[in-house]
Structures are given as structure tokens and as C-alpha cells.
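Have a look at the structure below, then the notes.
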Amino acid sequence: MTTHTPSPTACTACPAHNLINLRKLGVDMTDWDYVVALAGNPNTGKSTVFNALTGLRQHTGNWPGKTVTRAEGGFIFAGRRYKLVDLPGTYSLLATSLDEEIARDFILFGQPDVTVVVVDATRLERNLNLALQVLSITDRVVICLNLMDEAERHGLKVDDRRLARDLGAPVVPTVAREGKGLTELLQAIDDVATGRTVCKPHRLRSTSPQIERAITILSRQIEQLHPNLPNVRWVALRLLDGDQSIANALRSGELGNLGRDAPQTGDPNLTLRLEPAS
Ligand SMILES: Nc1nc2c(ncn2[C@@H]2O[C@H](COP(=O)(O)OP(=O)(O)OP(=O)(O)O)[C@@H](O)[C@H]2O)c(=O)[nH]1
Ligand SMILES: [Mg+2]
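Here the numbering used here is used: position 117 in the sequence shown is 167, and no number is missing along the way.
Okay, here's the thing in C-alpha cells:
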């Protein structure tokens, strides 16, 4: 059985996932070391990657309380046992649809050890929107640059090294349908999960000084309430956007216990002051 107790000192090689929240999300980590989420726009090859990595070790079920199907499987790499969860295909994580909400909550609350974002190399502009959103929630990301054969067929050249540098996360070119690049993908996943690769995500800044000021003020307040929260800036932005599910999660303490060193209980007395930036 896997035991993962949050330690008082951060350990980069230790699993980062949130066991309690994963259980609530219907994922049992017994017998697994790490959990990997597979995200991406619809039709980018997520299921092809999923099938290639897990083979026959997979089963489908539903997300708890939802009618949305979830595929779950596993693989062993370098002696480590990885559980792989296929998230619904989405263009964004703004939680405006059930699929987006499921994908976002899984990344936010489950805190997977690695989130693989499968992107379509022929439609990078559209696909990078989701990649940047994922990178604003978590820094444990691998970009799977899929459909490279299609890109080539269209005469497109994608500079994967430059992309990795610009995004601040590993990028692995693949042709999933032919199994090309999948060993490299597994290696990149293992490197991020075990802390050998530490991503330095490119985070988008607002061009408005007023918004930046509001984010700074709000971030300070959130940090005081939850010193261990890993993605304060993103939470502040969502609050400014009036995202009720994030405000509720902060109030209930569900967001507050996301830090690796934090006790895994909520703080029912939490109050959050939302003051206008002046
Ligand atoms: N040419 C090419 N086709 C691919 C590649 N990877 C996947 N495909 C094909 O693309 C189509 C969509 O693949 P899926 O794996 O179903 O994509 P998905 O992201 O799971 O799609 P949804 O679950 O509907 O969002 C299938 O016909 C695959 O065979 C690739 O690298 N190159
Ligand atoms: Mg699929």
C-alpha cells in the first residue's frame, strides 16, 4: 500500500498529490506511487496516448456524482507505479461547463504529481491557451506535442526546444498513433514526478497596473490565511473574476489544505475580506 504523509519539510522527490482530495474525486491510490492527469483540447490524441501508455491495465467508471465517464489506468516506469487519469477534453479550465469543472477540480484539488497536456502541433495557438491555464495552476507539467506527423504533412515546423523554454516546462514531440516519442514522454513524466525536472512556468502578467495591484493586495490576504497555498496568484485572479466555486472552496478550507505541508483539514472559521483596490 502507498503511504504518503505530508512531511514538515518539502521534498521534491516525494509524491505531491493530495490523497484525501483524490479519494473524494474517486481515485484510489492504494498500490500506486504517483498520479498523472492527462489533459488537452478535444481530439488531440489523449485517449491514444492513454491507451499506448496503459495497454490493458485500464478501466472506466464515472466521476463521483456525475454522468461523465472517466478512464483510469496505470503503468510502471523505472520501477515506479504510475496511475494515469484521462480528463475530459476541454479548451479551457474556466469551469463554464461540467467537463471544464471536472478537469480543473482534478488538477486543483487532486494535485496530480504530473499533468500531461496533450496539444495538437497543427493548432498550437488554440491549444496553448489550455497549456498556459494548466501551467498557472500547477508547475508539475509535461507538454505532449502530438500529431507531429500531421504538422510535417502541412509543412509546419515546430521548434519544441524553443517552446519548452518559452513555456518553462518540458515539451515532448510525439506521433501517438505510431507510438513515436512515447518513451521520451514517459521519461519526462518520471523526471517531473521525481523532481529531477523542476518546471519554471511562464505566467502571464496583466498589462493593467490596477489589476496587478488588486492581485497583489488579494494575494497577500490569501497568503496570510493559507501560507502553504501553491497557486495564490491564480486564486486571486479567479476571485477577482467572481468565480464562486473558488470563493466557496477558500471559505470551506478546501483550497487552504492544498499545500504539501498543510494539515489535511479545512478551516471552518475562515473569512475572506474582499476589498476594492484603491
Ligand atoms: N495522424 C495522427 N493521428 C493521431 C495521432 N494521435 C492520435 N491520432 C488520431 O486522432 C484521432 C483522435 O484521437 P483520440 O485519442 O481519440 O483523441 P482524444 O483527445 O482522446 O479525443 P476526445 O476524447 O474526443 O477529446 C484518432 O483518430 C487518432 O487515431 C497522431 O500522432 N497522428
Ligand atoms: Mg478521448
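Note that the Cβ used here is the ideal one computed from N, Cα and C, for glycine as well.
Contact annotation: Val169 and Lys133 have beta-carbon atoms that are not nearer than 7 Å.
At least one heavy atom of ligand 1 lies closer than 6 Å to the C-beta of Asn196. DSSP, read as helix, strand or coil, puts Gly90 in strand.
Taking the CA atoms as reference points, Gly245 sits about 13 Å from Arg130. In terms of Cα proximity to Ala264, the closest of Leu279, Thr257 and Ala286 is Ala286. For Val99, the CB contacts under 8 Å within the same chain, skipping 5 residues up- and downstream, are Leu88, Val166, Val168, Cys194, Asn196, Thr224, Ala226, Leu232 and Leu235 in chain order. A buried status is given to Leu279, since no fewer than 16 other beta-carbon atoms sit within 10 Å of its beta-carbon. Between ligand 1 and the CB of Lys116, the shortest heavy atom gap is not smaller than 6 Å.
Less than 7 Å divides the Cβ of Leu75 from the Cβ of Gly160.
Per DSSP, reduced to three states, the secondary structure at Thr165 is strand. For Asn196, the uninterrupted beta strand (DSSP E) segment begins and ends at Val191 to Asn196. Look at Arg301 here: in three-state DSSP terms it is helix. Apart from sequence neighbours up to five positions away, the residues of its chain that approach His204 with a beta-carbon distance below 7 Å are Thr172, ordered along the chain. Ligand 1 approaches Glu200 closely enough that one of its heavy atoms is under 6 Å from the residue's Cβ. Non-local C-beta neighbours of Leu305 in its own chain, meaning closer than 6 Å and more than five positions away in sequence, comprise Ala299, ordered along the chain. With respect to the 7 Å criterion, Asp163 and Ala243 are classified as neighbours on the basis of their beta carbons. Taken in chain order, the complete beta strand (DSSP E) segments of 3 residues or longer contained in the segment 61-123 are 84-90 and 108-112. Using a Cβ distance threshold of 7 Å, Ile296 and Val282 do not count as a contacting pair.
In the DSSP assignment, Asp240 falls within the unbroken alpha helix (DSSP H) covering Leu232 to Ala243. Under DSSP, Lys133 shares a beta bridge with Val85 and Gly124.
For Val222, the enclosing beta strand (DSSP E) begins and ends at Val221 to Pro223.
One alpha carbon belongs to Arg255, the other to Leu106, and they sit about 43 Å apart.
For Glu228, there is no enclosing alpha helix (DSSP H), since its DSSP letter is neither H nor E. Our two residues, Gly90 and Leu137, have alpha carbons roughly 8 Å apart in a direct line. Residue Gly124 holds the alpha-carbon nearest to the alpha-carbon of Trp82 among Cys61, Val118 and Gly124. In this structure, Asp240 sits near Phe127, with a CB-CB distance shorter than 7 Å. Around the Cβ of Ile157, a 10 Å sphere holds 16 or more other Cβ atoms; the residue is buried.
Under the 10 Å beta carbon count, Thr94 is surrounded by 16 or more other beta carbons and is classified as buried.
Remark: the shortest separation between the CB of Ala226 and any heavy atom of ligand 1 falls under 6 Å. Per DSSP, Ile152 is one residue of the alpha helix (DSSP H) stretching across Leu148 to Asp155.
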